[in-house]
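Numbering (UniProt numbering), first residue to last: 1 to 116.
We put the CB at the ideal spot given by N, CA and C, even for glycine.
Please read these numbers as outputs of a predicted model, since none were measured by experiment.
See below for the structure under consideration.
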Ligand code: 5GP
């Protein structure tokens, strides 16, 4: 499977579609998920073009993982969550729906999915 530059996240990164940006630098865009699995569900989207983990440039992964960690620490603190899930899916059978590499950070509130 190859990278399709017309995917939704590529359009968001190009500024062609709106999003709720939390943070942005040269490496990645951090935004809120439009259909959150819990309060504070956040996505870290590397700017380097890859379909998912399977075709990602190792250098791009090295560049983005410290940011994933920083967002995780900040998100747990800001939301008061009891725990935090890091999720990342590769190909449709595994649950991937947007085919540009991204990392989900999903706060968990004492086992409650939405943490209202
Ligand atoms: P995947 O299943 O590919 O790992 O997750 C894609 C995620 O992107 C889903 O959680 C979905 O809610 C989110 N998403 C899809 N389209 C948009 C969009 O246009 N904006 C934002 N902010 N999130 C989106």
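Residue i classed as buried or exposed, judged by whether at least 16 other C-beta atoms fall within 10 angstroms
i, result
"residue 17", "exposed"
Enclosing beta strand (DSSP E) for residue i [first to last residue]
i, result
"residue 85", "83 to 87"
"residue 32", "28 to 32"
"residue 21", "21 to 24"
"residue 42", "42 to 46"
Beta-carbon proximity list for residue i, same chain, < 6 Å, skipping 5 on both sides
i, result
"residue 68", "44 and 103"
"residue 72", "84 and 105"
"residue 12", "19"
"residue 76", "84"
Proximal residues to residue i (C-beta, below 7 Å), its chain only, five neighbours per side dropped
i, result
"residue 20", "31 and 32"
"residue 63", "27"
"residue 9", "45, 98, 100 and 102"
Residue range of the alpha helix (DSSP H) that includes residue i
i, result
"residue 78", "58 to 79"
Cβ neighbours of residue i in the same chain (closer than 8 Å, five flanking residues each side left out)
i, result
"residue 3", "49, 50, 51, 55, 99 and 100"
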